[in-house]
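Visitor: The structure that follows is given in the form of structure tokens.
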Amino acid sequence: MSRHRISERVHGPLSRLAWFLWYAAVLLVPLFLTWGVIGPPDANPGAALVLSAGLVGFSALVVAVVLPARLPWLIASFGIETVLAVHRLIALIAVLLVIVHLVAVLFVDPRGLSILDLVHTTWAARAAVTSTVALVLVVVLALRRPSRQPRYEGWRLVHNGLVAVVLVTAWLHVWWLRHLVSHVLVAAWFVASGLLLAGLAARRWIWLPIRSRKHAYVVVSVRAVPGDGVTLVIQADGHAGLPFDAGQFVWLKIGSTPFVFEEHPFSIASTAEHPERMEFTIKALGDFTELLGALRPGRRVFLDGPYGGFTIEGHEDAPGFVLIAAGVGITPLLSMLRTLADREDRRRHRLIVAARTEDELMLRPEITALRTRLNLRVVEVLSRPHPGWPGETGRITRSFLSRQLPRRPQRLEYFICGPQPMVSAVSRDLSGLGVPLRRIHTERFGAV
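For the sequence shown, the positions run 825 to 1272 when the working numbering is used.
Printed below as a string of structure tokens:
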């Protein structure tokens, strides 16, 4: 498999346009099929609203599920943060359309509220009520999650289970109505949508774990690093390693089998030139990172990936890179620098690292070692420096960037990784300095 498979085949505006057109088709094709095959419902505005909101709402549910289904080309084209943001937006649109559909049905159907009587109503109505209740629970739990902060894996298990109920019962509701799927083309579309969802579920929960088992790794070492982090080093177990591009990430699973539910995404910090040996530096937060610290050499772990378009691949013609990180955001940038060093890259690069205190600057020895192998300028900036700190102080602002960047900054490629407020602010400042948006590549914490 080509090392640069992601950059050569899925980056760029044509890929994004293709994905957009595909999703637009999924949203609108059933509507076009219904009006074209069945025809408008006797000029009845209420019936037209019921049919249109229901069909597009179901299609929106399908799109909302496909978006986070771990499709490598999709994630590489848009980035995981954009994919998940659009997923949430489409899911919200689906909820609104389902509500419109339900209210319109209650007004149009002569049975009125008696439809909700699950004992004496039809199976189609029972499926609709079940789907709607499950969808409401999905929304409520999602909205309450930031304030209640439940354990992520427990929340994800409930979320995924409810989404499965929503989709299955929504599909059955349409199928049991019969008057729509009695037409061959409409029935074919709904069968295809059901097969698509079933295929994605099988890929996600069966095929990907099987692939992870074939590409298992074993723990080589676990060590604490300055900045309250843990560095995990793993070695391929009986294979040549999982090829990846510098800057990409994987989902890491710990257990006797790759079919365990708990998994977490981590950026790879090691060089892409040697995928048989991977390294991750992880901030010590929560139960899972505490579990990492307890791992012993020889323990098997499983990876799902690689994913992501936050990578230097495809930018070989750039005169240099500017890498900007805050906290553990240094990890994918370290992978880029290590890869460049192994390729004996001679271009000029800049690394800007921000932290609150000197103790929170992560992986400084590794960065120092890379300065001997690369034409690399490193700038460290602290927002809470101790007395006598010789480096930069404050935050990464527009004036700070104007002092650190060359006279023609629009020619370089920029990679920014860190907390969302920092990434957004630096992106705006770079744009204000004349850097084209196409040259600004970002990855934010908490996107997954």
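Glycine included, every Cβ here is placed at the ideal spot set by N, Cα and C. Fair warning: this is a prediction, and the values are worked out from it, not measured in the lab.
#1: Between the stretch 1035-1048 and the stretch 886-905, are three or more C-beta pairs nearer than 8 Å?
#2: Give the DSSP-derived three-state secondary structure of Leu1076 in the structure shown.
#3: With a CB to CB cut of under 7 Å and the five nearest residues on each side skipped, what residues in its chain are close to Asp1169?
#4: Let me confirm a value: Ile1034 is counted as buried when at least 16 other C-beta atoms fall within 10 Å, else exposed. Which label applies?
#5: How should His1173 be labelled, buried or exposed, when 16 other C-beta atoms within 10 angstroms of its C-beta is the threshold for buried?
#6: Give me the residue from Ala1064, Gly1129, Gly903 with the minimum Cα distance to Lys1077.
#7: Determine the burial state of Asp1069: buried for a count of at least 16 other Cβ atoms within 10 Å of its Cβ, exposed for fewer.
#8: Under the rule that 16 or more other beta-carbon atoms within 10 Å means buried, what is Gly1132, buried or exposed?
#9: CA-CA distance, Leu1254 and Leu885?
#10: Within its chain, find whatever has a CB closer than 7 Å to the CB of Leu851; leave out the 5 residues flanking it on each side and keep chain order.
#11: According to the neighbour-count rule (16 or more other Cβ atoms, all chains shown, within 10 Å of its Cβ), is Glu1204 buried or exposed?
#12: Below 6 Å, is the gap between the Cβ of Arg1227 and the nearest heavy atom of the ligand SAM?
#13: Give me, in chain order, the residues of the same chain whose beta-carbon lies closer than 6 Å to that of Ser826; leave out the 5 immediate sequence neighbours on both sides.
#14: Counting pairs of beta carbons, one from the stretch 963-970 and one from the stretch 1079-1093, are three or more of them closer than 8 Å?
#15: Trp817 and Val1005 look like a contact to me (Cβ under 8 Å); what is the Cβ gap, rounded to whole Å?
#16: Are the beta-carbon atoms of Glu1237 and His1139 separated by less than 7 Å?
#17: Closer than 7 Å by C-beta to Leu898: which residues in its own chain qualify, once you throw out the five before and the five after it? Chain order, please.
#18: Within 8 Å, do at least three Cβ pairs link the stretch 1147-1159 to the stretch 1224-1242?
#19: Which ranges would you report for the alpha helix (DSSP H) in the stretch 1120-1207 if only whole runs of at least 4 residues count?
#20: Going by DSSP in three states, Leu1229 sits in which element: helix, strand or coil?
#21: To the nearest angstrom, how far is it from the Cα of Ala1149 to the Cα of Met1186?
#22: Using 10 angstroms around the beta-carbon of Val1177, count the other beta-carbons present and answer buried if the total reaches 16, otherwise exposed.
#23: Report the option in Ala948, Val1125, Pro1209, Val957 whose CA atom is closest to the CA atom of Asp1061.
#24: So what's His1039 in DSSP terms, helix, strand or just coil?
#25: With a Cβ-Cβ cutoff of 7 Å, do Leu996 and Ala1093 count as a contact?
Guide: Checking against the coordinates, here is how it stands:
#1: no
#2: Reading the sequence shown from its first residue, position 252 is the one you call residue 1076. In the three-state scheme derived from DSSP, where H, G and I count as helix and E and B as strand, Leu1076 is classed as strand.
#3: What you label residue 1169 is simply residue 345 of the sequence shown in a count that begins at 1. The residues are Leu1198.
#4: As a position in the sequence shown, residue 1034 is number 210, starting the count at 1. With fewer than 16 other Cβ atoms within 10 Å, it is exposed.
#5: Within the sequence shown, numbered from 1, the residue matching residue 1173 stands at position 349. Buried is the call here.
#6: Within the sequence shown, numbered from 1, the residue matching residue 1077 stands at position 253. Lys1077 has its Cα closest to that of Gly1129, out of Ala1064, Gly1129, Gly903.
#7: As a working mapping, residue 1069 is identified with position 245 in the sequence shown. When all chains shown are included, Asp1069 counts as buried.
#8: Start at 1 with the first residue of the sequence shown, and residue 1132 comes out as number 308. Result: buried.
#9: For the purposes of this step, residue 1254 is identified with residue 430 of the sequence shown, where counting begins at 1. For the purposes of this step, residue 885 is identified with residue 61 of the sequence shown, where counting begins at 1. Approximately 37 Å between the Cα atoms of the pair.
#10: As a position in the sequence shown, residue 851 is number 27, starting the count at 1. The answer, listed in chain order, is Val880, Ser883, Ala884, Val887.
#11: Within the sequence shown, the letter at position 380 stands for residue 1204. Buried: at least 16 other Cβ atoms inside 10 Å.
#12: Although the ligand SAM was asked about, the structure shown includes no ligands whatsoever.
#13: The sequence position of residue 826 within the sequence shown is 2, counting from 1. Residue confidence is low: Ser826 scores 37 on pLDDT, short of 50, so the model does not pin down where it sits. Its coordinate-derived value is still stated next. The answer is none, since no qualifying residue turns up.
#14: no
#15: Residue 817 lies beyond the range of the chain shown here (825 to 1272); nothing can be said about it.
#16: In the sequence shown, residue 1237 corresponds to position 413, counting from 1. In the sequence shown, residue 1139 corresponds to position 315, counting from 1. Going by C-beta atoms, Glu1237 is nearer than 7 Å to His1139.
#17: For the purposes of this step, residue 898 is taken as residue 74 along the sequence shown, with counting starting at 1. Excluding positions up to five away in sequence, the list reads Trp843, Val907.
#18: yes
#19: Those alpha helix (DSSP H) runs which fall completely within the stretch 1120-1207 and span 4+ residues are 1154-1166, 1188-1195.
#20: In the sequence shown, the residue the question calls residue 1229 occupies position 405. Looking at Leu1229 - three-state DSSP - the assignment turns out to be coil, as it is neither helix nor strand.
#21: Here residue 1149 refers to the residue found at position 325 of the sequence shown. Here residue 1186 refers to the residue found at position 362 of the sequence shown. Roughly 10 Å between the two C-alpha positions.
#22: Numbered from its first residue, the sequence shown carries residue 1177 at position 353. So Val1177 ends up on the buried side.
#23: Along the sequence shown, read from residue 1 onward, the residue named residue 1061 stands at position 237. Of Ala948, Val1125, Pro1209, Val957, the residue nearest in Cα terms is Val1125.
#24: Taking the first residue of the sequence shown as position 1, residue 1039 is located at position 215. Three-state result, His1039: coil.
#25: Counted from its first residue, the sequence shown places residue 996 at position 172. Counted from its first residue, the sequence shown places residue 1093 at position 269. No, the Cβ-Cβ distance between Leu996 and Ala1093 is not below 7 Å.
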